[in-house]
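J.: Before anything else, here's the structure in question.
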Amino acid sequence: MRKPVRKVVFPVAGLGTRFLPATKAIPKEMLPLVDRPLLQHAVEEARAAGIEDFVFVTGRSKRAIEDHFDADTELNRTLEERGKQDALEEVRHSEIAPGRCFYTRQQVPLGLGHAVWCARALIGNDPFAIVLPDDYVQGKTPCLKQMVEAYEEVGGNIVAVVDVPRERTSSYGILDVEKDDGRLATVRGLVEKPKPEEAPSTLSIIGRYILQPEIFDHLEKQQRGAGNEIQLTDAMAKLIGNQPFHGLRFEGTRYDCGDKVGFIEATLAHALNRPDMADKVREMLRKYC
Ligand code: G1P
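Just so you know, we're using my numbering here: the sequence shown kicks off at 91 and counts up by one.
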């Protein structure tokens, strides 16, 4: 039997420079899509995929993250006393159960691979997921759940992928594909941020991964790659050949919230997907279009 995926890592130590000064005192992952922080959307996606243990790799000035997922008993009591049941339910929904969230810090920004490596003791010898909250994914079935379902079929390591225009390959990890059935691509190599003319394909990795713990043997070597950073993609490439490695074309739309316009688009997409506000937002948008 395959070990189920029950743990997730959220690498959330980034400085959020693209959103300064908004992110001077607030972690960028706490910027909201409507009324839930980006990171809460990521936590909810993980929960829907059967994740039980939540590991956050944070950094200095990220304390708001811990507070957000904690239970604020005083706030809960006040909402209860005032009969604000809806707000109370929303707040309770943001809590992570006691003993199920873990925080560690990436002390120096050496790259995504290094951030994930910082979680090694908390992951131990289990398969685990990684979710980058900057990538907000909307779809009928949450993206990570689709990946867990694919994992139950093929095991090993899985990354969520999407086709990008060739001129965009230098922003992503790109797959070198051996076989492709239109849904699952068997991967024979991975390149981080290749130039368009050097990219082995246009299938790019989005911020969703299911990985085997052997990834830590490779991250341990702390080798630098693209941008002189310790790249997760390079460590993943070393797993290929020893373990199954697939790219999953998920069903849904990815929004890049690391980019300002992408963030606005994600906000609108989320609002238009909510029965409580879709009509009003659509009407409001007509004024501008
Ligand atoms: C990271 C990864 C890259 C991946 C991307 C997805 O890059 O290194 O392989 O395609 O996330 O969002 P970053 O966006 O941190 O530069």
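Glycine residues also receive a C-beta, built at the ideal position from the N, C-alpha and C atoms.
For the structure I just gave you, are there three or more beta carbon pairs, one from the stretch 294 to 302 and one from the stretch 244 to 252, closer than 8 Å?
T.: The stretch 294 to 302 is in contact with the stretch 244 to 252.
J.: Is it right to say I354 is buried, meaning 16 or more other beta carbons lie within 10 angstroms of its own, or is it exposed?
T.: Against the sequence shown, residue 354 aligns to sequence position 264. The residue is exposed, with fewer than 16 neighbouring Cβ atoms inside 10 Å.
J.: How about G352 and D346: are their beta carbons less than 7 Å apart?
T.: Position 262 of the sequence shown, counting from 1, holds the residue named residue 352. Position 256 of the sequence shown, counting from 1, holds the residue named residue 346. The answer is yes: Cβ separation under 7 Å.
J.: Which term fits R256, buried or exposed, when burial requires 16 or more other beta carbons within 10 angstroms of its beta carbon?
T.: Numbered from 1 along the sequence shown, position 166 holds the residue referred to as residue 256. So R256 counts as exposed.
J.: H158: which of D369, R182, G342 sits nearest, CA to CA?
T.: Start at 1 with the first residue of the sequence shown, and residue 158 comes out as number 68. The shortest Cα separation from H158 among D369, R182, G342 belongs to R182.
J.: Would you kindly check if the distance between the Cβ of Q236 and the Cβ of A103 is under 7 Å?
T.: Taking the first residue of the sequence shown as position 1, residue 103 is located at position 13. Taking the first residue of the sequence shown as position 1, residue 236 is located at position 146. Contact flag unset, no.
J.: Since D225 contacts K97 with CB under 8 Å, what's their CB separation in whole angstroms?
T.: Mapped onto the sequence shown, residue 225 falls at position 135. Mapped onto the sequence shown, residue 97 falls at position 7. Rounded, the Cβ-Cβ distance is 19 Å, inconsistent with contact.
J.: May I ask whether a heavy atom of the ligand G1P can be found less than 6 Å away from the beta carbon of D225?
T.: Within the sequence shown, numbered from 1, the residue matching residue 225 stands at position 135. Because some heavy atom of the ligand G1P lies under 6 Å away, the Cβ of D225 counts as near it: yes.
J.: Kindly identify the DSSP beta-bridge partner or partners of D225.
T.: Reading the sequence shown from its first residue, position 135 is the one you call residue 225. Answer is D346, bridged to D225.
J.: In terms of residue numbering, what span does the alpha helix (DSSP H) encompassing Y262 cover?
T.: Within the sequence shown, residue 262 is the residue found at index 172, counting from 1. Neither: Y262 is in no alpha helix (DSSP H) and is coded neither H nor E.
J.: Out of T194, H131, D270, G106, state which residue places its alpha-carbon closest to the alpha-carbon of A213.
T.: The count along the sequence shown starts at 1 and reaches residue 213 at position 123. For the sequence presented, residue 213 should be read as Ile rather than Ala. Nearest of T194, H131, D270, G106 to I213, Cα basis: T194.
J.: Between the beta-carbon of E119 and the beta-carbon of L110, is there less than 7 Å?
T.: The count along the sequence shown starts at 1 and reaches residue 119 at position 29. The count along the sequence shown starts at 1 and reaches residue 110 at position 20. Their beta carbons are not under 7 Å apart, which means E119 does not touch L110 by this criterion.
J.: What does DSSP give as the partner residues of P303 in its beta bridges?
T.: Counted from its first residue, the sequence shown places residue 303 at position 213. Answer by DSSP bridge pairing: none, since P303 is not bridged.
J.: Would you be able to state if there are at least three C-beta pairs under 8 Å between the stretch 303 to 319 and the stretch 267 to 280?
T.: As far as the Cβ criterion goes, the stretch 267 to 280 does not touch the stretch 303 to 319, which means the pair count is below three.
J.: Any heavy atom of the ligand G1P closer than 6 Å to the beta-carbon of I296?
T.: Along the sequence shown, one-based indexing puts residue 296 at 206. Yes, the ligand G1P has a heavy atom inside 6 Å of this Cβ.
J.: Please name the residue in R126, R108, K93, K114 whose C-alpha comes closest to that of A361.
T.: Here residue 361 is taken as the residue at index 271 of the sequence shown, counted from 1. With distances taken between Cα atoms, A361 lies closest to R126.
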